[in-house]
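K.L.:
Below you'll find the structure I mean.
Chains as they are written, first to last, in this note's numbering: chain A, 1 to 393; chain B, 394 to 786.
What follows is the structure, encoded as structure tokens:
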């Protein structure tokens with residue numbers, strides 16, 4: 001069977017995602033679509049609006065055949081690690097084609113990635129007024145003439161670099177975006193495709209009705225009736241501030257990606273009398289030009305989850321394929337590749353696994369529930385959950 | 394000048410406490426009363442209802458002349474350490490007389506403490522169905538014939554042991570309790586003296602009017618209008634649960650007094666789906682016969698405050714005299730003893746002190762404000778605060 005791979009967050013799942021799944025199958029003539037989806041937290045360091053199970057259901061309903069989780073230790077990372085973690089899982093599953101959106105689908109990203117192999121930034125990265133990413137993009141443009149500035153191009157390039165680094169064969173199929181561009185913050189009446197960020201914005205403003213045309217009925221139903229993490233900022237900030245007030249600066253300094261004395265700034269701002277009153281204003285107080293907003297938010301999430309450098313590194317070195325859901329095709333594919341997969345497949349999680357390899361995802365799931373107001377949920381996100389099976393109708 | 398010492402929590406300050414201050418001065422013919430008062434947390438591991446500044450004002454108004462803080466690293470401890478920390482401060486201030494309540498004021502506690510010096514419990518403490526305290530009391534009774542079972546007697550005995558251990562002279566003056574006994578949970582109309590625990594109970598039930606006859610007008614006013622930590626259990630449990638879910642068992646195991654694998658039980662109960670929904674039921678879930686309720690609550694407070702063994706030990710070895718308030722007499726006494734005090738006197742706290750020696754009290758003050766719902770208070774508990782001066786009227 002031929003599988004095409006998709007890497008996604010589905011935050012939330014919308015019509016553009018459904019189109020992408022269909023298009024991916026057509027374009028590669030694949031029998032099925034394998035989706036690697038971020039779990040309960042997304043790359044920006046925020047909780048996904050719906051939990052991973054709800055999003056899996058929506059993806060299966062829209063044509064995905066197998067959905068596996070991108071573990072939190074890869075999902076909440078800078079682009080190159082996010083890409084590396086996702087590509088590793090797809091390759092472990094024997095997937096040889098990847099379809100993704102790009103602002104420049106005519107570009108040969110693999111070729112670009114090979115040309116970029118000689119770029120060295122670390123040593124030159126002394127200008128404290130720009131981020132690493134922009135320093136890198138500048139170098140890339142000087143070397144290849146390609147101006148990498150659009151968000152999907154950046155991700156596409158990260159996928160390509162991860163494929164090159166893996167030494168394994170994988171065909172990359174960039175496809176152009178439809179009506180909506182990634183950055184669009186608004187959408188108009190009559191549109192049926194809108195960007196995830198414009199949908200999130202509408203949801204944050206409480207304009208639920210507005211999103212009806214751009215998501216499936218099932219997605220609308222889930223967003224209207226299931227627990228969501230839309231109001232996560234208040235509990236997030238309360239718990240974060242508590243941690244910043246009670247951990248020593250030495251303890252905070254061990255958090256993953258806590259660099260250049262950021263822990264001192266965080267602790268200082270948190271302790272200030274009449275300090276920031278909201279998560280947004282807190283981030284603004286601690287942000288410098290050196291870091292992107294997303295990078296700061298990720299670091300704050302690592303702090304909230306208390307993920308230390310050594311734990312993150314150990315987890316990344318020990319990834320797995322966590323099954324979230326499948327239909328008959330997905331199940332058949334799993335049987336076919338079972339003997340050749342190169343990462344452990346995890347179908348059900350028990351308490352001993354939750355305390356070992358799956359520790360960070362388990363913790364992230366508990367945190368998602370707290371941030372979604374499910375302080376004492378009747379069901380956890382991991383232990384005892386089995387993959388969603390979507391049988392034929 | 395002759396000073397008499399009092400060790401107190403004043404949680405809350407009531408008529409019995411006012412009587413005690415007057416009686417202490419009379420009994421010892423003292424010129425002034427020096428009170429060592431727990432700061433923002435009390436020995437049971439709970440936040441004091443009113444913060445340390447409000448309680449200081451009430452004590453000064455009722456006849457105390459100098460109020461100093463018992464730092465959190467001594468205030469929230471088993472009786473023998475609580476006593477040792479308080480006695481150390483009084484002795485450092487040159488106080489040679491201590492007045493305290495006792496159910497058996499006829500007993501010579503110093504003599505009892507000397508007789509008890511030979512009691513060895515550690516080795517024999519293998520019966521897991523009784524607490525250390527009850528094993529000790531049993532030994533004491535066998536050896537001296539005195540049955541130590543009443544709460545004030547137990548504290549009195551701890552004071553005596555601390556005095557004996559200090560090698561310094563201090564006269565102990567036990568006085569009988571008035572109408573109310575320590576354990577009384579209720580009081581009747583017409584009573585003007587009630588136990589602190591019965592007053593707390595009335596306050597927890599929202600029966601504010603009921604306490605009017607047993608506290609001063611000023612105390613009633615403070616309890617009715619100032620921020621209180623009466624509703625601390627909900628935020629306490631939320632933050633505690635968050636910490637138990639996010640710290641590793643290894644990190645939890647370093648918390649002060651986390652013994653015999655308690656960290657595993659705490660983490661397990663916190664993570665349980667459909668686990669305890671309130672702080673009280675959580676404590677019941679983790680408590681064993683081996684530990685008193687207060688011991689568990691203290692350990693949970695250390696966990697909430699993230700106080701590790703080494704931090705606690707370093708803090709206890711480096712105590713200080715933190716001035717909370719005084720009147721002219723107290724100020725004159727301070728001038729008189731200034732050259733002979735044996736601990737540093739701290740009058741005002743700046744940020745560097747808050748990050749160094751006063752770190753634990755500073756953290757406790759921030760936590761008190763969070764638990765009292767003052768998440769973003771206009772004024773902290775420590776930095777920039779100066780002792781309350783109560784001038785002559």
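Glycine included, each C-beta is placed from N, C-alpha and C at the ideal position.
Which two residues bound the contiguous alpha helix (DSSP H) that contains residue 384/A?
P.N.:
First-last for residue 384/A: undefined, no H or E at that position.
K.L.:
For the pair the stretch 9-18 of chain A and the stretch 33-48 of chain A, tell me if three or more CB-CB distances fall below 8 Å.
P.N.:
Because the criterion of three Cβ pairs below 8 Å is met, the stretch 9-18 of chain A and the stretch 33-48 of chain A touch.
K.L.:
What three-state label does DSSP hand residue 205/A in the structure shown?
P.N.:
It is coil, neither helix nor strand.
K.L.:
Do the CB positions of residue 645/B and residue 681/B come within less than 8 Å of each other?
P.N.:
No.
K.L.:
Ignore the nearest five residues each way along the sequence and tell me which others in residue 743/B's own chain have a CB closer than 8 Å to its CB.
P.N.:
776, 777.
K.L.:
Distance, Cα to Cα, residue 794/B vs residue 702/B?
P.N.:
For chain B, the structure presents residues 394 to 786; residue 794/B sits outside this window and is missing.
K.L.:
Would you list, in chain order, the members of the stretch 260-294 of chain A that have their beta-carbon closer than 8 Å to a beta-carbon of chain B?
P.N.:
Within the stretch 260-294 of chain A, the residues whose Cβ lies closer than 8 Å to some Cβ of chain B are 271, 273, 274, 275, 277, listed in chain order.
K.L.:
What is the DSSP secondary structure of residue 700/B, reduced to helix, strand or coil?
P.N.:
In the structure shown, residue 700/B sits in coil (DSSP, three-state: anything other than H, G, I, E or B).
K.L.:
Count the CB pairs spanning the stretch 104-113 of chain A and the stretch 153-166 of chain A that are closer than 8 Å, and state whether there are at least three.
P.N.:
The answer is yes - the stretch 153-166 of chain A touches the stretch 104-113 of chain A, with three or more Cβ pairs under 8 Å.
K.L.:
Starting from residue 361/B, find everything on chain A with Cβ-Cβ shorter than 8 Å and list it in chain order.
P.N.:
The structure shown does not extend to residue 361/B, since chain B spans only 394 to 786, so no value can be given for it.
K.L.:
Please check if any C-beta of chain B sits within less than 8 Å of the C-beta of residue 380/A.
P.N.:
By this cut-off, residue 380/A is an interface position.
K.L.:
Using a threshold of 8 Å, state whether the C-beta atoms of residue 114/A and residue 667/B are closer than that.
P.N.:
No.
K.L.:
What's the gap between the Cα of residue 782/B and the Cα of residue 708/B?
P.N.:
If I take the Cα positions, the gap works out to 28 Å.
K.L.:
Distance cutoff 8 Å, beta carbons only. Does residue 635/B sit that close to anything in chain C?
P.N.:
This model lacks chain C altogether; the protein chains it does include are A and B.
K.L.:
Name the DSSP bridge partner or partners of residue 782/B?
P.N.:
According to DSSP, residue 782/B bridges with 719/B.
K.L.:
Count the other C-beta atoms from every protein chain shown that fall within 10 angstroms of the C-beta of residue 449/B, then say buried if there are 16 or more, exposed otherwise.
P.N.:
Burial call: buried.
K.L.:
Starting from the Cα of residue 276/A, find the closest Cα among 299/A, 294/A, 234/A and give me that residue.
P.N.:
Taking only the C-alpha atoms, the option nearest residue 276/A is 234/A.
K.L.:
Determine which residues of the stretch 738-753 of chain B have a Cβ less than 9 Å from any Cβ of chain A, and write them out in chain order.
P.N.:
The stretch 738-753 of chain B vs chain A, Cβ under 9 Å: 744, 747, 748, 752.
K.L.:
Is any beta-carbon of chain B found at less than 8 Å from that of residue 363/A?
P.N.:
Output row for residue 363/A: interface = yes.
K.L.:
For the stretch 423-439 of chain B against the stretch 687-695 of chain B, are there 3 or more C-beta pairs whose distance is under 8 Å?
P.N.:
Verdict: yes, contact present.
K.L.:
Of all the CB atoms in chain B, is at least one closer than 8 Å to the CB of residue 252/A?
P.N.:
For residue 252/A, the answer is no, since every Cβ of chain B falls outside 8 Å of its Cβ.
K.L.:
Three Cβ pairs or more, each shorter than 8 Å: is that satisfied between the stretch 359-366 of chain A and the stretch 330-347 of chain A?
P.N.:
Cβ pair count under 8 Å is below three, so no.
K.L.:
Relative to chain B, which residues along the stretch 304-320 of chain A have a C-beta separation below 7 Å, given in chain order?
P.N.:
Those residues of the stretch 304-320 of chain A that come within reach of chain B (Cβ to Cβ, closer than 7 Å) are 305, 306.
K.L.:
Hey, quick one: how far does the alpha helix (DSSP H) through residue 111/A stretch, first residue to last?
P.N.:
Residue 111/A -> alpha helix (DSSP H) spans 109-115.
K.L.:
For residue 259/A, count neighbouring C-beta atoms within 10 Å of its own C-beta (all shown protein chains included) and say buried if the count is 16 or more, exposed if not.
P.N.:
Flag for residue 259/A reads exposed.
K.L.:
By DSSP, does residue 172/A sit in helix, in strand, or in coil?
P.N.:
Note: residue 172/A maps to strand in three-state DSSP.
K.L.:
With C-beta atoms as the reference, is residue 568/B less than 8 Å away from residue 494/B?
P.N.:
Yes, these two residues count as a Cβ contact at 8 Å.
K.L.:
Could you check whether the Cβ of residue 370/A sits closer than 8 Å to any Cβ belonging to chain B?
P.N.:
Closer than 8 Å to some Cβ of chain B, the Cβ of residue 370/A qualifies, so yes.
K.L.:
Unbroken alpha helix (DSSP H) runs of length 4 or more, entirely within the stretch 5-60 of chain A: which are they?
P.N.:
Counting whole runs of 4 or more residues, the stretch 5-60 of chain A contains the alpha helix (DSSP H) stretches 15-28.
K.L.:
Any C-beta of chain B sitting closer than 8 Å to the C-beta of residue 301/A?
P.N.:
No, residue 301/A does not count as interfacial toward chain B.
K.L.:
To which residues of the same chain is residue 59/A closer than 8 Å at the C-beta, ignoring the five residues directly before and after it?
P.N.:
So the list reads 8, 10, 13, 17, 21, 35, 37, 67, 325, once near-sequence residues are dropped.
K.L.:
Reducing DSSP to helix, strand and coil, say where residue 97/A ends up.
P.N.:
Residue 97/A: strand per DSSP, three-state reduction.
K.L.:
Only counting the same chain, and skipping five residues up and downstream in sequence, which positions put a Cβ closer than 8 Å to that of residue 62/A?
P.N.:
If we look at residue 62/A and ignore the five residues flanking it on each side, its Cβ neighbours are 13, 17, 18, 21, 216.
K.L.:
When the distance is taken between beta carbons, is residue 496/B closer than 8 Å to residue 424/B?
P.N.:
Cβ atoms of residue 424/B and residue 496/B: not closer than 8 Å.
K.L.:
Between which two residues does the beta strand (DSSP E) containing residue 66/A stretch?
P.N.:
First-last of the beta strand (DSSP E) with residue 66/A: 66-70.
K.L.:
Whole angstroms is fine: what's the gap from residue 328/A's alpha carbon to residue 267/A's?
P.N.:
Distance between the alpha carbons of residue 328/A and residue 267/A: 51 Å.
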